[in-house]
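Presented below is the structure to which this report refers.
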Amino acid sequence: MFIRLAQEYREFVKDLVMNLQALAIVLEKRGYIASCYTCGTQLNSASFMVSLGDNHLIRFLVSDYGITWTEMQDDRELMKLEGAEAISQLEELANLVKYQIKSVDSKTPKYDQSLLVH
5 MFIRLAQEYR
15 EFVKDLVMNL
25 QALAIVLEKR
35 GYIASCYTCG
45 TQLNSASFMV
55 SLGDNHLIRF
65 LVSDYGITWT
75 EMQDDRELMK
85 LEGAEAISQL
95 EELANLVKYQ
105 IKSVDSKTPK
115 YDQSLLVH
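To get our numbering, take the position in the sequence shown, counting from 1, and add 4.
As structure tokens, this is what we get:
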């Protein structure tokens, strides 16, 4: 049973990494500074980062060892979540991108911080 659960978790991590890569691409196309780095081709870990402007940074780490969401502003940690709570914040970030309103006179996206849970 435990071997099966470990394999399912590895597959889950792989799916999550692929989704993070896609999210980084979409965010970049929307004008955000975003990246998703993986080690090798196995997709067993990733480091995802996005700058939401005004020194506001999101870092999401996923690996066989765990899942972490860290939100920082002005080099101070605002929030750190792990596991399912961290993944839920990704949904909030995806919704932010989906429903964002771009500034009419600026190429920089407007970001409504109230969309993320603090």
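Where a beta carbon is used, it is the ideal one built from N, C-alpha and C, also for glycine.
Taking a contact as a CB-CB distance under 8 Å, the pair S39 and M22 does not count as one, their CB atoms being some 15 Å apart. Inter-segment contact for the segment 33-48 and the segment 80-92 is absent: fewer than three beta-carbon pairs are separated by less than 8 Å. The beta carbon of E95 lies closer than 8 Å to none in the same chain, with the five residues before and after it left out. Distance from the CA atom of R14 to the CA atom of L56, rounded to whole angstroms, is 30 Å.
For V101, the closest of L27, R8, R63 by C-alpha to C-alpha distance is L27.
DSSP places S39 outside any alpha helix (DSSP H); the residue lies instead in the beta strand (DSSP E), whose first and last residues are 37-42. Taking C-alpha positions only, M83 is separated from F6 by approximately 32 Å.
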